[in-house]
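Visitor: The structure under discussion is supplied below as structure tokens; questions concerning it will follow.
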Amino acid sequence: MKVQGQCLCGEVHITIPQISEEITVCHCHMCQKFFGGPFMSLAGVTQKDFTFTGKEQLHRFQSSEWAERGSCKKCGSSLFYHSLADDEYYFPAGLFDEVDQAKLMEEIFYDQKPAFFHYKEPTEKLTEAAFLEKLFQEPE
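If you're matching positions, the sequence shown starts at 1 in the UniProt record's numbering and goes up one per residue.
Below is the structure:
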């Protein structure tokens, strides 16, 4: 069953195959600035596995050598993080109504998390160094 999310004004719609069961929270400084707080992300999907409608309202911004971020030109909603290395898109959980069954599983860049909040769910907590080591480790 495909599910659809949308930006605040409804001009941009994203259709994905399903809601992932696991949520990852990114606390990096770039995500805090782009999303206005931690980025609560669904699992990554490749371009062949999702569609945008309202593409003319999409604004893309290359935020680093390895990633770009997208937002709605009309309302400013943060719409995605796009990893250029593996061409996967990560969408904010808040764009979709069907996230009730998802579980918070992992927090990355935990060493950059502001001290004023904590999640009650037990999660795997990875510092920037630990996450990057995991991300770029050679397959065995």
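For every residue, glycine included, the Cβ atom is placed at its ideal position computed from N, Cα and C.
Could you check whether the stretch 95-107 touches the stretch 7-25, counting it as contact only if at least three pairs of C-beta atoms, one from each stretch, sit closer than 8 angstroms?
Guide: With the cut-off at 8 angstroms, the stretch 95-107 and the stretch 7-25 touch.
Visitor: To the nearest angstrom, how far is it from the Cα of Y81 to the Cα of Q62?
Guide: Y81 and Q62: Cα-Cα distance of roughly 10 angstroms.
Visitor: What did DSSP end up calling Q32 once you bin it into helix, strand or coil?
Guide: Reduced to three states, the DSSP call for Q32 is helix.
Visitor: Based on Cα-Cα distance, which residue from D49, C9 and H27 lies nearest to S41?
Guide: Cα-wise, what sits closest to S41 is H27.
Visitor: Considering Cα atoms alone, identify which of C7, P114 and G94 is closest to T53.
Guide: Of C7, P114 and G94, the residue nearest in Cα terms is C7.
Visitor: Going straight from the alpha carbon of P114 to that of P122, what length do you get?
Guide: Approximately 17 angstroms between the Cα atoms of the pair.
Visitor: Grouping DSSP H, G and I as helix and E and B as strand, with all else coil, what is L135?
Guide: Reduced to three states, the DSSP call for L135 is helix.
Visitor: Starting from A67, trace the beta strand (DSSP E) both ways and give me its first and last residue.
Guide: Residues A67 to C72.
Visitor: Considering S83, what are the terminal residues of the beta strand (DSSP E) in which it resides?
Guide: Unbroken beta strand (DSSP E) run through S83: S78 to S83.
Visitor: Helix, strand or coil: how does DSSP classify G5 here?
Guide: Reduced to three states, the DSSP call for G5 is strand.
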